[in-house]
């Protein structure tokens, strides 16, 4: 007697491994396995779920290893298919959560400049999320604006320029923000100094003398010409900004004229002697002003305080 036995194929059952959480730019690594009651042979594929496509997957006995680098944050489904030699297909999935990583912005060197100079900023940044795009904001310490981004594969540079006039220290902060709202920043301090100008007290005297007991005025000449790379035209000086030893200018002694015989026009201002913040021990004095371009200047001069005459 005989009979017929039909043995049905059983498809593999796939265990894709545990769920995982990683940062963008990191490599996901894991392992999985499958079972199959049949004495079959098998092939396998994996789809990492990020658009990179279906890829062949090597098998060792009934196990496999997974390894893939994720370039952007998201939640991805990894799908493994194992096919036996009878075309039976088993499928397993697992979930990978990829976190966003904020950009890293390079340090900027501390810098110094002069009133009227333009500070040219360039700073690099990196982001392991190579599919990210970025925007940048530059806080110049006296106002903010967008920075210019140049990037490739998630990393690049921020550039910008800003002109400073008022002397002081300015904290410059550069913020780089990725498309997911993650941001990194860096700060530096830019120190602005007034430009050095040149003066003569009582032009032509040579000693720069001041008699603190005088009830009159002290003439002080501001010399035109080069001031650390800036050509000072004395006709552009803001009269109301001129201060000598903490005393404001009273008037200007006529039109610009030559004082030091260098072919460049100079200007003489008068100051009330009794308003000068000087003492008998003073050996030097400062004068400050700005011009119509809003460039600030400072000048220093040695001086001689004339002694009081002995009373008879």
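In our numbering, the protein residues as written are 2 to 313.
Note that beta-carbon positions come from the ideal geometry of N, C-alpha and C, so glycine has one too.
Under the rule that 16 or more other beta-carbon atoms within 10 Å means buried, what is residue i, buried or exposed?
i           : result
residue 216 : exposed
residue 205 : exposed
residue 312 : Here the model assigns residue 312 a pLDDT of 49, short of 50, so the residue's position is not dependable, and the following value carries that caveat. Label assigned to residue 312: exposed.
residue 152 : buried
residue 147 : exposed
residue 141 : buried
residue 154 : exposed
residue 6   : exposed
If you drop the 5 nearest sequence neighbours on each side, which residues of the same chain put their C-beta closer than 8 Å to that of residue i?
i           : result
residue 110 : 189
residue 11  : 37, 38, 39 and 89
Consult DSSP for residue i and reduce its assignment to one of helix, strand or coil.
i           : result
residue 293 : coil
residue 136 : strand
residue 10  : coil
residue 280 : coil
residue 235 : helix
residue 212 : coil
residue 242 : helix
residue 131 : coil
residue 165 : coil
residue 147 : strand
residue 224 : strand
residue 305 : strand
residue 260 : coil
residue 311 : For residue 311, the predicted model reports a pLDDT of 48, less than 50, meaning its position is unreliable; a value from the coordinates is still stated below. Residue 311: coil per DSSP, three-state reduction.
residue 265 : coil
residue 174 : strand
DSSP has residue i in a bridge; who is on the other side?
i           : result
residue 218 : 273
residue 122 : 161
residue 229 : Bridge partners of residue 229: none, in fact.
residue 31  : 67
Check whether the Cβ of residue i lies closer than 8 Å to any Cβ atom in chain B.
i           : result
residue 280 : Absent from the structure: chain B. Only one protein chain is present.
CB-CB under 6 Å to residue i, same chain, minus the five flanking residues each way: which ones, in chain order?
i           : result
residue 49  : 69 and 79
residue 72  : 131 and 132
residue 30  : 68
residue 125 : 107 and 158
residue 119 : 162 and 164
Considering only residues of the same chain and omitting the five flanking positions on each side of residue i, which have a CB-CB separation below 7 Å?
i           : result
residue 150 : 135, 136, 137, 157 and 159
residue 272 : 218, 219, 221, 245, 248, 250 and 251
(request) Go through the segment 39-119 residue by residue and report every complete run of the beta strand (DSSP E) that reaches 3 residues or more, in order. (result) The segment 39-119 contains these whole beta strand (DSSP E) runs: 43-48, 55-58, 64-70, 75-85, 90-100 and 112-115.
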